[in-house]
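With the numbering used here applied, the sequence shown corresponds to residues 5 to 177, in that order. Using N, Cα and C, we set each Cβ at its ideal position, and we do this for glycine too.
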Amino acid sequence: MTVRPADYCPNCGTATTTREVEGRERRYCETCERPVFHNPTPTAAAAVVDGDSILLVERAVPPGVGEWTVPGGHLEADEQPAVAAARELEEETGVRADPAALELVGAELLAPFGDKHAVSMAYAVPVDDTEGTPEAGTDAAAVRFFSREELDADAHAFRPHVPGRFERVLDAL
Ligand SMILES: [Zn+2]
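Shown next as structure tokens:
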């Protein structure tokens, strides 16, 4: 299983071929005699909500440098989604939240980063249930709250899913 179409088998290193498996054209390893499935990677994100504003971070590392997004990232292999969301929130913004205080507001397939696909589990938490002052941390160039008006004003670049996430998060809390 890979997040991008695999040119080589991740198990044995053989160059893959393609063949139809379960109704789709897929990469296939002739040595292992099995398909190399291309699947989205799970990610989790935590939106801190203050009135009609949510906390966003400006991405400092590729892909999407300079774009604002909800703090989040990949799950470790042994990590529950809400724990990952709280960890990423603290790493990127310095804001701490108890994973148990995070409310799941949905899950969505994100617009791909090139040919990399990801699913985001979207959490939200009221700012009153968090601790710490927002400060740009790992992978973040800046961090600040954005209101709905600022989101609509077109003065900043946002990841494609941010406007929809904004609505979903504000509706949920
Ligand atoms: Zn193989």
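- In the structure shown, D133 falls within a helical segment according to DSSP collapsed to helix, strand and coil.
- Here A101 has A50, A90, L93, V129, D133, T134 as same chain residues with Cβ atoms under 7 Å from its own Cβ, once five neighbours each way along the sequence are excluded.
- Between L60 and V53, the C-beta spacing is not below 9 Å.
- With 16 or more neighbouring CB atoms inside 10 Å of its own CB, G76 falls in the buried class.
- For T47, the shortest separation between its Cβ and any heavy atom of ligand 1 does not lie below 8 Å.
- Every residue with a CB closer than 6 Å to a heavy atom of ligand 1 is listed here in chain order: C13, N15, C16, T18, C33, T35, C36.
- Taken in chain order, the whole alpha helix (DSSP H) runs of length 4 or more contained in the segment 33 to 98 are 85 to 97.
- Distance from the CA of E62 to the CA of C36, rounded to the nearest whole angstrom, comes to 42 Å.
- Between T18 and Y12, the C-beta gap is smaller than 9 Å, which places the two residues in contact.
- Nearest neighbour of D156 by Cα position, chosen from V7, L177, S57, turns out to be S57.
- One alpha carbon belongs to E107, the other to P9, and they sit about 33 Å apart.
- T73 is positioned such that its CB atom lies no closer than 9 Å to that of A122.
- Annotation: the continuous beta strand (DSSP E) that includes G110 extends over 107 to 113.
- Shown here, V7 sits in coil according to DSSP, grouped into three states, outside any helix or strand.
- Counting only residues of its own chain and dropping the five nearest sequence neighbours on each side, D143 has a CB closer than 8 Å to the CB of V61, R63, A64, V65, G77, E95, E96.
- When rounded, the separation of the alpha-carbon atoms in A176 and E83 is 24 Å.
- When the beta-carbon positions are compared, K120 and P85 stay at least 9 Å from each other.
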